[in-house]
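Here's the structure we're looking at; comments come further down.
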Amino acid sequence: MSGTPRIAARSRWLLRGAVVLGSIALIAFAWPGESTAPLAGDLHGSAASLHRAGAAAPASSIAARSAAGSQRAALAGALRLEGQVIGADKQPVAGARVSINDGRAAVTEADGSFAFDGLAAGRYRVIAELGDRYAEDQDVALDDTSEPVTLTLVRGPTLVVHAVERDHRPIAGATVEVSSRKFVTGSDGAARIRGVDGDDEYVTVSAPGHVGVHERVITSDDPADTVEWTAVLDPGAEVTGTIVDQDGVPVPDAYLELESVGGGRNHSATADETGAWRVPGVGAGPYVARASSNRHIPTADQPVELDGAHATAGLVVRVQLGGEITGLVVDITGHPIADAQVSAAGGGDTTDASGRFTVRGLAPATYTVTANTRTLGAAHQDVVVARGRPAELTFVLVPSSLAGIVVDSRGEPVENARVIASSDALGVYDLVHSDASGHFDLGGLLPGRYQIVARRPDSAVDGPAVEATTADRRIRLVVSEPAGITGRVILDGAPVRYYGVAVGQDPGNLFLQPAPVRSLDGRFHQPDVPAGKLVVILLGPGFERRVVDVQPVAGTTTDLGDIVVTRGGRLRGRVIDAGGAGVAGATIRATGSGLSHDLTRLDATLRGECWATSDALGSFELAGLPSSLDGFEIEATHPAHGSSATRPLAPGATDVTLVLGPRP
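In my numbering, the protein residues as written are -4 to 659.
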């Protein structure tokens, strides 16, 4: 192991919210290849409220209805499914239309509630939508203890996942998982998933007798887009075995890894209480097996050769006891501190009443160890861990915190402001929110000097930074008044209805994140930008990138008026396979700055890249190209058909043919 492993003694999480807007309308939806009738007796997944049918109760009484229904007998065909539709702000959505997979629909009341009577016990799919705003629960189960189901509207593109064999035959009945939502492919091997994230999604596709696929899929900035993605599933077979220690004793709850030597998919599993483990769907090829637990570390990697067609049983994987870091945590008077958090890479512990701790299961290496409480901290310590010899440490914790108040430009306290303390020297990034009085308290930090900033709860603009040292508890942070920018984008005398806008200080900054704009009148609004000299970058399909200088003023919105953009160059072409047949769904990219395969369309456009998707005949058109194609390269890729060779674009090129083949 190289370097110095390190884990902070405490973690805080930043929550990324999703913007969800508007009302919704109804669509009836059924599982692909399934009957629309619910499956009685199949009661798993999320719960919905279940009641005997009868007169409709007031919409504002979901809780009362749920309590009453739980006291009544659940009779098949005489049950009620109910719930609520809410927006991103957690407020109810009135007038929404909701459907279930038996074809019925309901309209939400003023409090967002809806109900369906006369249902049998079983499993239901519940859907609500309007245009690109969508919500669904794939597996709502009804029983006599169920709670109301909540549907939260999301806004995003549609992802169509195709599960195929290596020879491109569709796989029916494959399971597709996206953001905790499960789908089953139909007879065409496809599953259609609406309302996915507008940046990327991690998609898992599995089927009996096959190796599962888990990949990051780039979606689209445009919520009106439909993104096609193909998962090629190779044959796979089950592998089972046991994990034992150096004495041959089974190790419960150990972690197993099967690492592919040839670059295939890696697999993992957790052993049960008897040390037994199971991995379904492992493909053919050479692997190495290793295991570990909270007390054990791997022995030498164990080679395994698998054929992907026949099950392998009885594979024994051995572990050995790891090293330990033990010690004591005390205060400045020498008294032991209970419940202190002690962390080292790969493990951690909480001190007992005597201030003692033990971090187990460590491989021989040098570790950076930290200890703290909510109000006390200490400098980290480095220690060398050797097998069979515990390392001993003592931490003396001292008061170590930063506290103060967050105010606005008028000196008024700001509630729920985000306060961020960071130190490059200490390798610390910590965050808290101010309370109702504007006060904040960052406790248990590593002692040292920090830079602290605050921002409004609904803003991404930081206020002026303040330098402070731990134990300073009279810090005053001022949030900035954000500025706004608006304008209308015009092409050939008509508004541009879809494009991206990025705001920053440097037009050459490739790490800006363009915000997608879909507007009938072509207008954009950027309500939260810093005051001062900025550039607005406008980009999108069908026109050349335009950069506009602007200097917004805090607390005001600057209107740039009509911004005229011009059409870029166009390049048409066709994607074919080795036999000359057109290939649909291929991704074509052209750029003069190096091709990237992990960016959304607007992000790629910001970096000077143009891209398109081939149609049913394999044809495509790239739009918005610069007038000069000097240095530009183009390629096509397809999950099942492979890639074309990357080739330069000749100056003045207007048509190109790209031939797909196996990836090298």
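Note that CB positions come from ideal geometry on N, CA and C, so glycine has one too.
By the C-beta density criterion, Tyr250 is buried, having at least 16 other C-beta atoms within 10 angstroms.
Contact annotation: Ala581 and Leu566 have beta-carbon atoms that are not nearer than 8 angstroms.
Within its own chain, the residues whose Cβ lies closer than 6 angstroms to the Cβ of Val542, once the five positions on either side in sequence are excluded, are Pro502, Val530, Ile532, listed in chain order.
For Arg596, the enclosing alpha helix (DSSP H) begins and ends at 596 to 601. Ser287 has Tyr250 as its beta-bridge partners, per DSSP. For Lys177, the uninterrupted beta strand (DSSP E) run begins and ends at 176 to 179, by DSSP. The closest CA to that of Ser475, considering only Thr464, Gly438, Leu426, Gly527, is found on Gly527. Asn289 is the residue among Leu472, Gly278, Leu114, Asn289 whose C-alpha sits nearest the C-alpha of Val246. Counting along the chain, the unbroken beta strand (DSSP E) around Ile583 starts and ends at 582 to 586. Between Gly231 and Gly303, the CB-CB gap stays under 8 angstroms. Nearest Cα to Val191 within the set Pro657, Leu154, Thr465: Leu154. Straight across, the Cα-Cα distance linking Arg483 with Ala618 is about 21 angstroms. The Cβ neighbour count for Ser429, taken over all protein chains shown within 10 Å, is at least 16; the residue is labelled buried. The beta carbon of Ile81 sits closer than 8 angstroms to those of Pro87, Val88, Gly107, Thr145, Leu146, Thr147, Leu148, all from its chain and outside the five residues before and after it, given in chain order. Counting along the chain, Ile238 sits inside the beta strand (DSSP E) bounded by residues 232 to 239.
For Val491, the CB contacts under 6 angstroms within the same chain, skipping 5 residues up- and downstream, are Val484, Gly517 in chain order. The region 136 to 222 is shown to contain whole beta strand (DSSP E) runs of 3 or more residues at 144 to 147, 153 to 159, 170 to 173, 176 to 179, 185 to 188, 195 to 201, 208 to 213, in chain order. Of the other Cβ atoms in all chains shown, fewer than 16 fall within 10 Å of the Cβ of Arg161; this residue is therefore exposed.
Each residue's CA atom was taken as its position, placing Ala358 and Gly317 some 6 angstroms apart. Here Tyr424 has Ser417 as same chain residues with Cβ atoms under 6 angstroms from its own Cβ, once five neighbours each way along the sequence are excluded. In the displayed model, Arg468 falls within coil according to three-state DSSP, outside both helix and strand. Here the C-alpha atom of Gly495 lies approximately 35 angstroms from the C-alpha atom of Asp183. The way I'd put it, the region 642 to 653 does touch the region 607 to 626; three or more beta-carbon pairs between them come closer than 8 angstroms. CA-CA distance, Asp467 to Tyr362, rounds to 30 angstroms. The criterion of a C-beta distance shorter than 8 angstroms is not satisfied by Gly439 and Val401. Annotation for Glu77: the continuous beta strand (DSSP E) segment containing it runs 74 to 81. Secondary structure of Val256 (DSSP, three-state): coil. A buried status is given to Pro143, since no fewer than 16 other beta-carbon atoms sit within 10 Å of its beta-carbon. The beta carbon of Ile327 sits closer than 7 angstroms to those of Val391, Val393, all from its chain and outside the five residues before and after it, given in chain order. If you check the CB distance, Val200 and Ala167 do not come in under 8 angstroms. In the pairwise beta carbon analysis, the region 403 to 418 is classified as not touching the region 342 to 356: fewer than three pairs are separated by under 8 angstroms.
For Ile558, the enclosing beta strand (DSSP E) starts and ends at 552 to 560. Look at Ile327 here: in three-state DSSP terms it is coil, with no helix or strand label. Membership of Thr632 in the beta strand (DSSP E) is indicated by the continuous run 628 to 633. In this structure, the straight-line span from the alpha carbon of Ile188 to that of Val156 is close to 8 angstroms. Shown here, Arg92 sits in a strand according to DSSP, grouped into three states.
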